[in-house]
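Participant: Residue numbers (our numbering): 4 to 243.
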Ligand SMILES: [Zn+2]
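1. Going by C-alpha distance, which of 66, 216 and 56 is nearest residue 159?
2. Does the segment 78 to 92 come close enough to the segment 11 to 27 to have 3 or more Cβ pairs within less than 8 Å?
3. Taking the straight line between their C-alpha atoms, what separation do you get for residue 202 and residue 236?
4. What are the start and end residues of the alpha helix (DSSP H) that includes residue 154?
5. Please name the residue, chosen from 129, 138 and 103, that lies closest to residue 118 on a Cα-to-Cα basis.
6. For residue 132, name the three-state secondary structure that DSSP assigns.
7. Go to residue 118, then tell me how far its alpha helix (DSSP H) extends in each direction, as first and last residue.
8. List the whole-angstrom C-beta distance separating residue 52 from residue 63, where the pair is believed to meet the contact cut-off of C-beta under 8 Å.
9. Between the segment 161 to 176 and the segment 121 to 139, do at least 3 Cβ pairs fall closer than 8 Å?
10. Indicate, with yes or no, if ligand 1 has a heavy atom lying under 8 Å from the CB of residue 227.
11. How would you call residue 197, buried or exposed, if buried means at least 16 neighbouring beta carbons within 10 angstroms?
12. Using CA coordinates, which residue listed in 229, 222 and 192 is at the minimum distance from residue 240?
13. Looking at residue 114: is its Cβ nearer than 9 Å to the Cβ of residue 120?
14. Give me whichever residues DSSP pairs with residue 202 in a beta bridge.
15. Is there at least one non-hydrogen atom of ligand 1 closer than 8 Å to the beta-carbon of residue 47?
16. How long is the line joining the alpha carbons of residue 57 and residue 32, rounded to whole angstroms?
17. Could you check if residue 86 is buried or exposed, using at least 16 other CB atoms within 10 Å of its CB as the buried criterion?
18. According to DSSP, simplified to helix, strand and coil, what is residue 177?
19. Is DSSP giving residue 139 helix, strand or coil here?
Laid out in structure tokens, this is it:
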């Protein structure tokens, strides 16, 4: 299986790879990739692949995981197995998703701490990001108050770190056991994302190196989605 370079280095914007498989002309599997495949509430990366032999460019319009493999959809046919390609990720789009993703971990942790809610889902977008949670009574003032708490964590500039644990190791560490339990049995190595001294989570997404890069968040909408289902939307702001 192709090596997922984004798991170790979220700031890798350019890399060289070899095409290992082409399906239906436009679906490309590489020997390694830094393109993030749509998963876990984070949208796919876009970008381009340039064939080294003739300089021909192929736009990457979609990236997904199919049968455990990361597949890149390009805009035209022509790539062949064995081709060497120079790949570039659309960095503005990806970096925005990194800011949103790390911010959503901070907000989710604060919602849990403040209200005891159970986080049930999240969807990162280009315009805004939402977090879904289960909570009987939603106190709107308290929920709006989470914004300042997230921004305080952002201002603190906490480092964000990754570690990789086998399922057995994870089950021995009481701090992480809870995270490991929810993962499908097929997941043998668990990637742990730690916002130093604040939050620890199992997550395969792309993250900032430091919470300072979030800037600030702004809560834009709170929605009641029936019985216990609540939804919160936020946007990002740059701070100088
Ligand atoms: Zn995550």
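C-beta: ideal position from N, C-alpha, C; glycine also.
Facilitator: Reading off the structure:
1. 216
2. yes
3. Rounded to the nearest angstrom, the two C-alpha atoms are 21 Å apart.
4. 143 to 159
5. Of the listed residues, the one whose Cα sits closest to residue 118 is 138.
6. strand
7. 94 to 118
8. 6 Å
9. no
10. no
11. buried
12. 222
13. yes
14. 198
15. no
16. 20 Å
17. Buried is the label assigned to residue 86, since at least 16 other Cβ atoms lie within 10 Å of its Cβ.
18. helix
19. coil
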